[in-house]
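Q:
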Amino acid sequence: MKSIPLGTSLVCAVFALGCGESAKPPMKVSSERPAATTVSEESATTPSKNEAVSEAAAPLKSRSFTFHYRFKVKDLKPADDAANSVVKVWLPSASASDDQTVKRLDATAPGEIAENTDDQFGNRILFFETTIPESGEFSVDVPYEITRREVLRGPSRAADPAAEKLDETRRKFFLRADAMVPTSGKPLKLLDMIELVQDKFACARQIYDIVDNHVAYKKEGTGWGRGDTNWVCDSRYGNCTDFHSLFISLARSQGLPARFEIGFSIPTDKPEGSIAGYHCWAWFYNDERGWVPVDISEADKNPMMKDYYFGGLTPDRVTFTVGRDISLVPKSESQPLNFFVYPHIEVGGKVLPKENIELQIAFKDQA
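So, in structure tokens, the structure goes:
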């Protein structure tokens with residue numbers, strides 16, 4: 085079993101039951117910041133004054149890069165009438181936040197792009213219409229200049245008096261269940277034999293450890309990657325969506341507002357190139373610290389970074405959207421999207437299969 089820094093006597097018992105079988109083997113854990121000054125974190129314990137000052141004094145890393153949200157639509161068949169020739173395209177858009185500066189550059193597309201915002205999460209959504217070209221294919225490229233900043237809000241970080249305050253409406257919103265992210269039922273069996281601590285920040289660390297010990301990062305067979313909490317609870321493996329759906333379910337069940345965030349990891353082993361797929365993480369809300377990030381799938385892949393990824397995010401990423409069950413703007417013919425990171429395309433009112441969309445997403449570091 086992995087070493088569990090917080091409340092070991094409280095959490096060990098759970099890993100023999102719940103939705104699966106025994107826990108994963110023990111791994112050494114470190115809180116080292118990647119390629120930066122080491123930050124010691126005592127896993128949801130109250131930091132000493134010196135620890136808080138030390139982390140606060142450490143300069144946050146940042147990374148600037150050009151990002152191309154690029155794809156090709158192919159193998160479109162000619163339609164018999166004008167209505168079935170209409171192609172509608174929705175794209176997520178990166179937008180500025182405390183964690184990233186974003187400048188969207190001139191896009192290339194076969195139609196005029198409009199920008200809209202969804203009412204629930206505030207996501208920026210790009211949209212355009214076109215018709216099926218004679219060639220049966222077209223390309224889209226939306227370039228950005230992005231600077232992403234490291235996030236450090238771990239336990240050795242001092243409380244932030246200026247932290248964002250959630251009003252009651254938004255608190256309830258981030259405590260509710262999503263279609264695949266329940267707040268009751270089977271997943272809560274993982275908590276049956278745990279004496280959860282009263283401190284909400286420490287409780288979040290307990291849940292973080294539970295998820296990391298219950299789930300393994302692997303992509304085999306079918307079912308993974310949908311962020312279905314009940315599925316991952318039983319299967320005990322998956323990708324980032326699965327890890328963080330389980331975390332969000334358990335956090336919300338204990339009165340911790342939590343949200344899902346998705347975008348892309350920026351490779352650290354090269355200065356430019358293609359990006360294979362999306363990455364996602366989660367945030368929980370703490371009254372003293374505001375929104376605090378967790379990246380449990382990265383912690384699972386990099387056990388030496390487990391403490392860091394409770395409250396820390398490297399700058400090697402970009403956020404595109406927040407939330408689950410996202411309603412597109414303008415309204416689409418489909419149901420709300422489970423999550424929104426890839427293009428959603430409808431031809432003649434029917435969703436275009438992903439096999440017709442060739443992703444060509446890429447980045448290049450700026451000097």
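Numbering (my numbering), first residue to last: 85 to 451.
Backbone N, C-alpha and C define an ideal beta-carbon position, used for all residues, glycine too.
Just so we're clear, the structure is a prediction, and the values are computed from it rather than from any experiment.
#1: Please report the straight-line C-alpha distance between E439 and T201, rounded to a whole angstrom.
#2: Rounded to the nearest angstrom, what separates D251 and E417 at their Cα positions?
#3: Going by other Cβ atoms of all chains shown within 10 Å of its Cβ, with 16 needed for buried, is G311 buried or exposed?
#4: Are the CB atoms of F149 and I278 nearer to each other than 8 Å?
#5: Closest to R343 by CA distance: which of K354, P355, L274 and L330 is it?
#6: State the Cα-Cα distance for the pair L272 and K448, rounded to the nearest angstrom.
#7: With distances taken from CA atoms, which of F285, D409, K284 and T325 is nearest S300?
#8: Any idea if G396 is buried or exposed, counting beta-carbon neighbours within 10 angstroms, 16 or more meaning buried?
#9: Contact between the stretch 396 to 411 and the stretch 200 to 214 is defined here as three or more beta-carbon pairs at a separation below 8 Å; is this criterion met?
#10: Are the CB atoms of E372 and A243 nearer to each other than 8 Å?
#11: Run through DSSP, which three-state label would L334 get?
#12: Under DSSP, the beta strand (DSSP E) around D449 begins and ends at which residues?
#13: Going by the CB atoms, is the gap between D400 and R241 shorter than 8 Å?
#14: Distance check for V413 and K158, CA to CA, integer angstroms please.
#15: For the candidate residues C287, V235 and V435, whose alpha-carbon lies nearest to that of Q338?
#16: Should L160 and G238 be called a contact, given that it needs their Cβ atoms to be closer than 8 Å?
#17: Kindly give me the distance between the Cβ atoms of E442 and F155, rounded to whole angstroms, as I take these residues to be in contact under 8 Å.
#18: Nearest to K256 by CA position, among H428, D353, P341 and L189, is which residue?
#19: Sorted by chain position, which residues of the same chain lie with C-beta nearer than 6 Å to F222's C-beta, five sequence neighbours on each side aside?
#20: Under the rule that 16 or more other beta-carbon atoms within 10 Å means buried, what is Q290, buried or exposed?
#21: Per DSSP, what kind of secondary structure is L210 in: helix, strand or coil?
#22: Can you tell me whether W308 is helix, strand or coil according to DSSP?
#23: By Cβ distance below 7 Å, which residues in the same chain neighbour D262 in space, the five residues on each side in sequence not counted?
#24: By Cβ distance below 8 Å, which residues in the same chain neighbour G432 in space, the five residues on each side in sequence not counted?
A: Concretely, from the data shown:
#1: A straight-line Cα-Cα distance of about 27 Å links E439 and T201.
#2: One C-alpha to the other measures close to 33 Å.
#3: With 16 or more Cβ atoms within 10 Å of its Cβ, G311 is classed as buried.
#4: No, Cβ-Cβ distance for F149 and I278 is not below 8 Å.
#5: L330
#6: Rounded to the nearest angstrom, the two C-alpha atoms are 43 Å apart.
#7: This sequence places Ala at residue 300; Ser is not what is there. Comparing Cα-Cα distances from A300 to each of F285, D409, K284 and T325, the minimum goes to T325.
#8: buried
#9: Enough Cβ pairs lie closer than 8 Å, so yes.
#10: A contact, by the Cβ cut-off of 8 Å.
#11: helix
#12: Note, D449: beta strand (DSSP E), A446 to D449.
#13: Against a cut-off of 8 Å, the Cβ pair of D400 and R241 comes out as no contact.
#14: 24 Å
#15: C287
#16: no
#17: Indeed they touch by this definition, with Cβ atoms about 6 Å apart.
#18: P341
#19: V157 and P194
#20: buried
#21: strand
#22: Of the three classes helix, strand and coil, the one that applies to W308 here is coil, per DSSP.
#23: R408 and D409
#24: Hits under 8 Å: A163, A167, N168, S169 and V170.
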